[in-house]
Amino acid sequence: MPYFLRAFSVLALITYSPNCYAKSAIEQIGDYTQVIVPAYAFGMAVQEEGWEGTRQFIYSFGAMQASVLGLKYSIDAKRPNGCDNRSFPSGHTAAAFSGATFIHKRYGIERAIIPYMVAGFTGYSRVHAEKHYWYDVVAGAAISGLFTWIFVDEYNYDKLQVSADPKSVYVGYKTEF
Numbered sequence: 002m003p004y005f006l007r008a009f010s011v012l013a014l015i016t017y018s019p020n021c022y023a024k025s026a027i028e029q030i031g032d033y034t035q036v037i038v039p040a041y042a043f044g045m046a047v048q049e050e051g052w053e054g055t056r057q058f059i060y061s062f063g064a065m066q067a068s069v070l071g072l073k074y075s076i077d078a079k080r081p082n083g084c085d086n087r088s089f090p091s092g093h094t095a096a097a098f099s100g101a102t103f104i105h106k107r108y109g110i111e112r113a114i115i116p117y118m119v120a121g122f123t124g125y126s127r128v129h130a131e132k133h134y135w136y137d138v139v140a141g142a143a144i145s146g147l148f149t150w151i152f153v154d155e156y157n158y159d160k161l162q163v164s165a166d167p168k169s170v171y172v173g174y175k176t177e178f
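For what it's worth, my numbering labels the leading residue of the sequence shown as 2, then goes sequentially.
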C-alpha cells in the first residue's frame, strides 16, 4: 500500500468517532470532510522537499488530537441529541480546521480558502446533526488553530512564475529569504 494511503487510513482511524452514527446526508458529508481536509494538508506537506512540513503537521495534528480527546473524556458535556457525554469540544471540527489552518500557516491564506470553507461546513454539520453545540465547534476550531500556530512555520519556497498573452510569454523566478 502506498505511503499516502497508509497515512490517510491512520488519519481516518484517529478522527473516526464510532459513538453516534450519521443519519442525514449533511452529517455524513461532515464525517468525510473531517478526514479529507487534514488528509489534503498532509498530502501537501508530504510533497515538500524534506520532512519539515510533514513533521510539523504530525506534531500539530497529534497535539490537537490529544487535547481534544483529553477534554472530551474529562469534561462531562452531554450532546444535544443525548447520545453520550463527549460533546465538548468537537473533534470533527478540530480535525478539519487543523488541516485548513496548517495550509494557511504553511502555504498562505490563498491556498487555505477552500479548506476553511470545507472545515466550516464540517462544523455546521455537527451542529445541524445535533451532535454539538455551537461553542463545541468554536472550541474545536480554536484548539486546532492554537496548536497549528505553535508548531507550524511558513514554508519558504522558490516560485516559478509564468504568464502569457497572445503576443508574448513571461517567465519569472521569485525566491524568498
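The beta carbon of each residue, even a glycine, is placed where N, CA and C say it ideally should be.
If you count every other CB in all the chains shown that lies within 10 Å of the CB of residue i, and 16 or more means buried, which is it?
i      : result
GLN48  : exposed
TYR117 : buried
ILE115 : exposed
GLY54  : buried
ALA67  : exposed
ARG56  : exposed
GLY31  : buried
SER61  : buried
So what does DSSP say about residue i, is it helix, strand or coil?
i      : result
ALA78  : strand
ASP154 : coil
ILE133 : The residue asked about is misnamed: residue 133 is His in this sequence, not Ile. Note: HIS133 maps to coil in three-state DSSP.
LYS24  : coil
LYS106 : helix
GLU49  : coil
ALA95  : helix
LYS73  : helix
ALA1   : Any answer about residue 1 is impossible in this case: the structure gives the chain only from 2 up to 178.
ALA64  : helix
Measure the CB-CB distance between residue i and residue j and report whether it falls below 8 angstroms.
i      : j      : result
PRO81  : ILE144 : no
ILE104 : ALA95  : no
VAL69  : GLY100 : no
SER88  : ASP137 : yes
ILE27  : ALA97  : no
THR34  : THR149 : no
Shortest alpha-carbon distance to residue i belongs to which of the options?
i      : options                        : result
LYS106 : ALA42, VAL153, ARG56, MET45    : VAL153
GLY109 : THR34, ALA42, GLY31, LYS24     : ALA42
LYS73  : GLY146, GLY141, THR149, TYR156 : GLY141
CYS84  : HIS133, ILE151, GLY71, TYR156  : HIS133
THR102 : GLU50, ALA78, MET45, LYS168    : MET45
From the DSSP secondary-structure annotation, give me the bridge partner or partners of residue i.
i     : result
ARG87 : ALA78
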